[in-house]
Each structure stands twice: as structure tokens, then as C-alpha cells.
Amino acid sequence: MTPPINSTDPAKGSTSISLSQSADPRRVLADRVEQMYGQMPLGIAGSFIISVIAAYELREGRYVEIVAFWAGLVVLLTAASIGLYWSFNRSATKASEAAQWLRWLAISALANGATWGFAGAVFFPSHADEQQVFLAFLLAGMVAGGVPIYAVSWPVYALYAAGIVFPFTYVLGTFGNRLFAEIALLVPAFYAMNVGVAWRLNQVFDSGYRLRHAYGKLTEDYTALNQRLEQQLVELDEARRQVEASGRKLVLFAERSPIAVFEFDVEGRILTVNPSAETLFGYAANEVIGRIGIDTLFAAAIQEDVRERWRKLIDARAPVIGLRALSTRRDGADITCEWSLTPLVNTENSVISVIVQGRDITQQLEAERMKQEFTSTLSHELRTPLTSIIGSLQLINSGVMGDIEKDTLELTTIAERNAQRLLDLINDILDVEKIESGKLTLMIEALELGELVTESLTLNRAFAERFKVKLVAAGELRAVKVSADRKRVLQVMTNLLSNAAKFSEAGTAVEVTIEIADSDTVRVAVHDTGPGIPENFRNRIFGRFAQADMSHTRQMGGTGLGLAICKRLIELMGGKIGFSDRAGGGTTFWFELPHHD
Ligand code: ADP
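When we follow our numbering, the leftmost residue of the sequence shown carries the number 3, and every step to the right adds one.
Spelled out as C-alpha cells, the structure:
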């Protein structure tokens, strides 16, 4: 995200910042020092040349040695000044140590001024009139000439000029001449004036530098602002492109959508219609646009009801989902649609329009009705006669109706077994149907699990014996109570036991255990010695009509519905079901039920 631009907003930012705020004083000082050092060569050269001229003129006086000493002083000072200038230019601390460099410069300026002060003090009394005029003129020139050189820092100038003026004033004052004594009074005044000018110039320079820095900063700020603006423009452009793309996507979605899509305005008038809506209702878009949607699309009998929902939707700005309603097509045919009405709300929380989507569910409803019809046919028309067929065959096979021939008995036994399988399948399908349509009601009660498991073992023993498999409880079954539906737990047990018996090797035993899984749940486990569950079948085993693709399984028959029903039943009772490999071969199927306190 780009940071907000307020900080550089021209309206309240940089342009109104005072110069002292925007210019960093250290950078201003560094600039001033740089400027003063920049002028040093001019000062050094000027001072040196004038010194040479002065030495030449004064050499004719009485104290040649002193002139020579002074000239030596000048040479030394010049060399020291050049050294200082050279060090400054090579220094890496010009800016960071500006104050220190200024102090060095001040010392050099004082030394320079004092050298001239020395000349005044020493040579003025010892020379003749013209030379005195020359010297006075020279010193005045030096004081005045120092202003442009040193005025960037007035204290430096003040030191320099003091070095010249004070010894000279002393000499003038003590010379014994009235005129000179008067001049001696004027010189400090001139000095003060010059320092004043230097101070003023110092200020001018200072604000000049501040201005320069402020301007530099302003330019930087504007550059940054421009860059940010440019970046924001790029982002805006990108956002615009994205909005356009999603707009196009939306139009495409609506156009290609297999469901009918309308847009209604807040008064419920149709604004747009997609091709699927045209096909579904038989109207061309231009026939319905502008018409009241509810009057046009919904059957007269339910219009009032839909209007009521519409009013609520507009008031609450909340979508209506899954509204099933009868509609009348343009050709008069009735269809049932499932509608969702979604209000489009703007940032002020007012509804702009409402997207109305309708899916024709007439055929789906018809299919549901047929399925129900089929289920009830299964239940009544098939199960009832099948039960009586099985009953009759059982009577015949048991010999109650008299002896029958062995060949006939074989056939009637096959008939009974297959009729029973058919009945099992029908019962399983009815169970699945009941569970999935939510029509299964459970009778949850406190059950003594140990007793229930023992009962299930007894009930399934005969079946297991067919496979020469024993059903046994491993050790004492714990006396523990669970909350569950008795009939359904027995059904689950029967399924797990019969599977275990079917898949175990002949001559082995299927063991059943009861464990307390944790304080809230009790686990029943059925351990078999079968072939185990193939790896690629494990995640499908609880699905409907799931059977492992094994020749063995085929021989065993079954519907592939048993475990699917078990899973749904156990989950309806608030439990869990699963399986694991049994050490040494075989499988353990287990289920957990809530403990009853
Ligand atoms: P059905 O036994 O009626 O075919 P189930 O849903 O009870 O249906 O079982 C589905 C499949 O799971 C069985 O066909 C079999 O392949 C596998 N299966 C179930 N129990 C066991 C078991 N104890 N050992 C090995 N395979 C089993």
C-alpha cells in the first residue's frame, strides 16, 4: 500500500513550513564553513601580496630586523594557512566536524589579524609620516577587505579585525599626538560598524543558505510526491483495469449462466435479463424490461406472499435464499423455481438493485416425487408379498407341510435363500432412503451394552456356523450402559458380525470386546481373522454399494450397503465407527457410543 500523502500535501505540508524548520542547521553551518574555506586562497594570496609590498616599503625604516622578523611571521602564517586550507579540502569530516573547522578558521583569522596588528603597533611609531599614512591606509584596507572574506561568520571577522584594530588603536592613543588620539577614539567605532556590517551580512548569508536548503528539501518533497502520485496513478489504472475485467467477467457469468438471472430496481422493476431467463420464461428481454418482476414472473396465487418477502428484503437488506415458488411461463405453463434474491448495497447502506436468480426445479421435484413413489412401492408392493413368499417357503422347507423330495427341497431352499437376499436388499435400500430423507426416528434409551452384545452373538451364531466360524465374547463383557437405540445397535452388530463371519477362515473364532474408550464413550470391537481390507478400498468402505473387488467378496454376496447404513446409524446416535488392521491378520471393526451415566 502506498502511504497516505498528507505529509507532503502542498496544502498543509512543505510550502507552509518555515525556513528554520525545513533547513537542517548543521547542514547550513557546513555550507557556510565550506564557503569560508573556499574564499581562503583569495584571502591568503591577497594578504601575502600586501605583506610583501608593505615589507618592501617599510624596509627603509630604522628597524630592518623587525621588518625581517615580521616578514618571517607572515611567511609562517601563510604556510600555516595553506596547510589548514589543504587539510580541510582533504578532510572527510568537512560536514560532520564543521564547527571544529570553523574554530580552526577563527584561530587562523585571529593570527592573520594579529600579524597586521603587530605591524601597526611596531612600525607606526618607528616610521616617518608618509609611511605612517601608508601603514594606516594599509590597515584600514585590511580591516575593510576582511569583511567579504570573513563575514560569512561574523565572530570570525570580529576576531580578525580585533587583531588588527586593538594594537593599532593602542599605538595611536599613546603616540602623544592629539590628532592621533582622536583617531584612536574613532577606530573602535569604525571597528564596531564593520563588525555590525559583518553581522548583517552573516544574517543575509545565513538566510540565503537556509533558503537554499529549504528549496532543496521542497524539491525533494515534490519529487517524492510526484513519484507517489505517479505510482498511485499506475495503481489506479491497474484497479480500473481489474474492475473492468471483473465487470466483463460478471456480464459473462450472467450471459452464460445456465440459471435465470434478473436485476430488479428497488421498486421491483426488471432492469436486465440474461439469455437463460429468456429461454426459461419464454419472454424476450425487451418485452419484460421495465415491467414489475413479481407480477410478471410469479404465479398469481403466490404474488402477495412474494411481495411481502420483497418488502422485508428491501427493509433489512438481507438476501432471500432458497425460495421455492410457482411461476407461470409466457405460454401459460407452470414451473417451479428455486429463487435467491440478493440486494446490492452501496457504501451508504442503501439498496442499488437486487439480483434475482432462479433455477427451474420442476424436473427435480418430479424426480423426488418419483423416488418417493418408488420407495413406497418397494416398501408395500414388494416387501409384503416377498415376506409371505419367504414365510411359505420356510414352511415348506421345514417339512411342516409334509415330506418333499430331495431335488425339490434343494430348489425351494435356493428359492428361500434368494428371496431372503432380495428382502435384505429391499430393507437396506429402505433404510438408506429413510436415513437420507431424515425420516428415521431413533428411540434413544439407556442400554446395558454387555447384555445387548451377548444377545447379538446369540442371534447371529446360526449364521456364523454356516461358515464354520464361532462368535465369542473375549473374556467377561463389561457391564456398562450406553445411550442408544436398541434395535439399531443390534442391526449394526448383526452387520459387523455377519461380515466378520463371512470373511473369517473356517474353524476360527470372531471375538467381541467392550472397552471404555474414555469417560464419555464406550467402544465395541469385532475382531475377525479375515483377509483384511485392501489398501485401495479403505476410503470407500463406508460408501453406498461399496464392495472390495475380490472374487471372495463376490462369492459372499451382500449389497455393499451394510457398512454405509452402520456408519449413518452410529453417527445418528452420536457415535463413531471405524476399523483397523488386527495384529497377526484380520480386521477389527469398532464403533463407539455415548456412555450413559
Ligand atoms: P456387504 O457385506 O453387504 O457387501 P458391507 O457394507 O457390509 O456390504 O461391506 C462392504 C464391503 O466391505 C464387503 O463387500 C467387503 O468387501 C468389505 N468388508 C466388510 N467387512 C469386512 C471384513 N470384516 N473383512 C474383510 N472385508 C470386509
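Beta carbons are placed, not taken as given, at the ideal position from N, Cα and C, and that holds for glycine.
Note that the structure is a prediction, hence the values are computed from the model and not measured.
Residue i, enclosing beta strand (DSSP E) - first and last residue
{"i": "I357", "result": "V353 to D362"}
{"i": "K483", "result": "K483 to D487"}
{"i": "T330", "result": "V322 to T330"}
{"i": "S1", "result": "For the chain, the structure presents residues 3 to 599; residue 1 sits outside this window and is missing."}
{"i": "T590", "result": "T589 to P596"}
Unbroken alpha helix (DSSP H) run spanning residue i, endpoints
{"i": "A191", "result": "R180 to R258"}
{"i": "T298", "result": "G295 to L299"}
{"i": "R419", "result": "K408 to E438"}
{"i": "I304", "result": "Run containing I304: none; DSSP gives neither H nor E here."}
{"i": "F177", "result": "Segment: none, F177 is in no alpha helix (DSSP H) and carries neither H nor E."}
{"i": "E62", "result": "Segment: none, E62 is in no alpha helix (DSSP H) and carries neither H nor E."}
{"i": "L282", "result": "P277 to F283"}
Local conformation of residue i per DSSP, three classes
{"i": "K472", "result": "strand"}
{"i": "P169", "result": "helix"}
{"i": "I291", "result": "coil"}
{"i": "E269", "result": "coil"}
{"i": "A448", "result": "strand"}
{"i": "K578", "result": "strand"}
{"i": "T561", "result": "coil"}
{"i": "H382", "result": "helix"}
{"i": "A262", "result": "strand"}
{"i": "D583", "result": "strand"}
{"i": "L454", "result": "helix"}
{"i": "V402", "result": "coil"}
{"i": "L479", "result": "coil"}
{"i": "T274", "result": "strand"}
{"i": "D333", "result": "coil"}
{"i": "R319", "result": "coil"}
{"i": "E350", "result": "coil"}
{"i": "K441", "result": "coil"}
{"i": "D599", "result": "coil"}
{"i": "T95", "result": "coil"}
{"i": "A286", "result": "coil"}
{"i": "D33", "result": "helix"}
Separation of residue j from residue i, as counted between CA atoms
{"i": "S394", "j": "P387", "result": "11 Å"}
{"i": "K373", "j": "R546", "result": "17 Å"}
{"i": "A464", "j": "N429", "result": "21 Å"}
{"i": "L424", "j": "I391", "result": "11 Å"}
{"i": "I518", "j": "I579", "result": "15 Å"}
{"i": "G284", "j": "R331", "result": "6 Å"}
{"i": "Y172", "j": "T117", "result": "15 Å"}
{"i": "V524", "j": "G324", "result": "41 Å"}
{"i": "G509", "j": "F469", "result": "8 Å"}
{"i": "L451", "j": "R371", "result": "40 Å"}
{"i": "V30", "j": "Q134", "result": "42 Å"}
{"i": "P596", "j": "S485", "result": "6 Å"}
{"i": "Q305", "j": "V353", "result": "22 Å"}
{"i": "G534", "j": "V322", "result": "50 Å"}
{"i": "A186", "j": "T221", "result": "52 Å"}
{"i": "P260", "j": "S278", "result": "6 Å"}
{"i": "K436", "j": "I337", "result": "28 Å"}
{"i": "L461", "j": "A369", "result": "39 Å"}
{"i": "S378", "j": "G564", "result": "21 Å"}
{"i": "R243", "j": "L315", "result": "33 Å"}
{"i": "V253", "j": "E246", "result": "11 Å"}
{"i": "R105", "j": "L174", "result": "31 Å"}
{"i": "R584", "j": "R540", "result": "14 Å"}
{"i": "A57", "j": "S93", "result": "34 Å"}
{"i": "T496", "j": "V512", "result": "13 Å"}
{"i": "G577", "j": "L571", "result": "9 Å"}
{"i": "R271", "j": "E289", "result": "12 Å"}
{"i": "A256", "j": "I296", "result": "20 Å"}
Cβ of residue i within 8 Å of any chain B Cβ
{"i": "R488", "result": "Absent here is chain B; the protein component of the structure consists of one chain."}
Distance cut-off 7 Å: residue i Cβ against heavy atoms of the ligand NAD
{"i": "G74", "result": "As presented, the structure is devoid of the ligand NAD, carrying the ligand ADP as its sole ligands."}
Buried versus exposed call for residue i [16 or more other C-beta atoms within 10 Å across all chains shown]
{"i": "R313", "result": "exposed"}
{"i": "W156", "result": "buried"}
{"i": "F376", "result": "exposed"}
{"i": "F71", "result": "exposed"}
{"i": "F126", "result": "buried"}
{"i": "G477", "result": "exposed"}
{"i": "A466", "result": "buried"}
{"i": "F266", "result": "buried"}
{"i": "P536", "result": "exposed"}
{"i": "I416", "result": "exposed"}
Please give me, in chain order, every unbroken run of the beta strand (DSSP E) with length at least 3 that falls completely inside the region 506–550. Counting only runs of 3 or more, we get 511–520 and 523–529.
Quick one: complete beta strand (DSSP E) runs, 3+ long, within the region 111–169? none
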